Every structure is written in C-alpha cells, then in structure tokens.
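Residue numbers (full-length UniProt numbering): 1 to 174.
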C-alpha cells in the first residue's frame, strides 16, 4: 500500500504543481485509501500511511496541495464476500455469483458478526466513494493531513471484540 501512495504523491503532486495558460496557480487534492487496520494496531501490522499523509501535506502545502486519506472498515464488497469462500477452501472450485457472494457475506458478517454489533449496518462502497469526492472537492478546502476513518464506529471499540460479541461495559475504575 505504501508504494501506491508514494507513486500517487510523486506523480499527482507533479501534475498539480504544473501551471499553464489554463491553470495559473498550483493547487490540488490528493486522496488515498488506507484501512482501519492502520489505525487499530496489531503485532503483525505496521502502517506508515498516517505519518506519510502528514509529512506530504506539510511538504506540499506551499504548492497549495492538500493530502488526505480514507481508512474504511468492513464495506459490503465482493472482496469481503469471497474471503469466506477462501477460508472454506472452495474459492477456486466454482465461479462466484452475486447470490453466492451475498450468502457468504451474510454468513460471515450478519450472523452474530459485524452487522449484529456494528451499528446494525455495513457501509456500501458508494458511501466511501462519496467521502472521497467530498475530500477532493473545494467543500473540504480546510481539511488537510487527515486520515478519515469510515468504519461506522468500529474502532471506537476494542479491536475484534465488537465483531464477535456485544461490548461488555467496563467496571468502574474506582
């Protein structure tokens, strides 16, 4: 993921910094996609995206270029649906149809899983796309160097806990 982000920065910022008769000043917005895994932390996961966004935004601010990221959580896509087929070992046995993908998705995410304890909904891809459109637009002119987590509140809970069971209230500390 870091390589694609680096290349987007390198070539995107070059294009946005170039001026012409049609474009009299340098400006632009770079929006990259990360993952909620990059903000929740785990032993085997190291994410540099947040630091890269901040560094790039500082370096490119003189060129009037904003840099932001979207870190989605679980999103209702075929990637999430096919992960269940891979786990059960039949991912390569037959062509995945839309109905099969929905069935796998619901069995993993809906039955006591994410959808049950995840604010009773899983975002659609268009919701993440709309956030990207907003961040790239002039409506977000003051948003810079931010990693927007779009996970329906998942990272507000302990990682993994809200996927498999309801969150148990903590005992008072005193």
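C-beta: ideal position from N, C-alpha, C; glycine also.
Given the structure is predicted, the values throughout are model-derived calculations rather than measurements.
{"Item": "Three Cβ pairs or more, each shorter than 8 Å: is that satisfied between the region 47-58 and the region 129-136?", "Value": "no"}
{"Item": "Compare the beta carbon distance of residue 15 and residue 147 with 7 Å and say whether it is the shorter of the two.", "Value": "no"}
{"Item": "Pop quiz: residue 68 and residue 144 are said to be a contact at Cβ under 8 Å. What is the actual Cβ separation, rounded to whole angstroms?", "Value": "7 Å"}
{"Item": "Helix, strand or coil, according to DSSP, for residue 27 in the structure here?", "Value": "coil"}
{"Item": "Taking C-beta to C-beta, are residue 36 and residue 71 nearer than 7 Å?", "Value": "yes"}
{"Item": "Indicate whether residue 76 and residue 30 have their beta-carbon atoms separated by less than 7 Å.", "Value": "no"}
{"Item": "What residue from 21, 25 and 52 has the CA that sits closest to residue 7's CA?", "Value": "52"}
{"Item": "When DSSP builds the beta bridges, which residues end up paired with residue 150?", "Value": "72"}
{"Item": "For the ligand SAM, I want to know if residue 136 counts as a neighbour, meaning its beta carbon is within less than 6 Å of at least one of the ligand's heavy atoms.", "Value": "Ligands displayed in this structure: none; no statement on the ligand SAM is therefore possible."}
{"Item": "Going along the chain, which residues of its own chain have a beta-carbon closer than 8 Å to the beta-carbon of residue 26, five neighbours each way excluded?", "Value": "16, 17, 18, 19, 63, 64 and 65"}
{"Item": "Looking only at its own chain, which residues have a Cβ that is under 6 Å from the Cβ of residue 9, when we skip the five neighbours before and after it?", "Value": "56"}
{"Item": "Could you check whether residue 156 and residue 128 sit closer than 7 Å to each other, using their CB atoms as the reference points?", "Value": "no"}
{"Item": "Alpha carbon to alpha carbon, how far is residue 5 from residue 32?", "Value": "7 Å"}
{"Item": "Let me check one thing: in DSSP terms, what residues is residue 65 bridge-paired to?", "Value": "28"}
{"Item": "Smallest Cα separation from residue 140: which of 3, 28 and 22?", "Value": "28"}
{"Item": "Cα-Cα, which of 21, 34 and 73 is closest to residue 3?", "Value": "34"}
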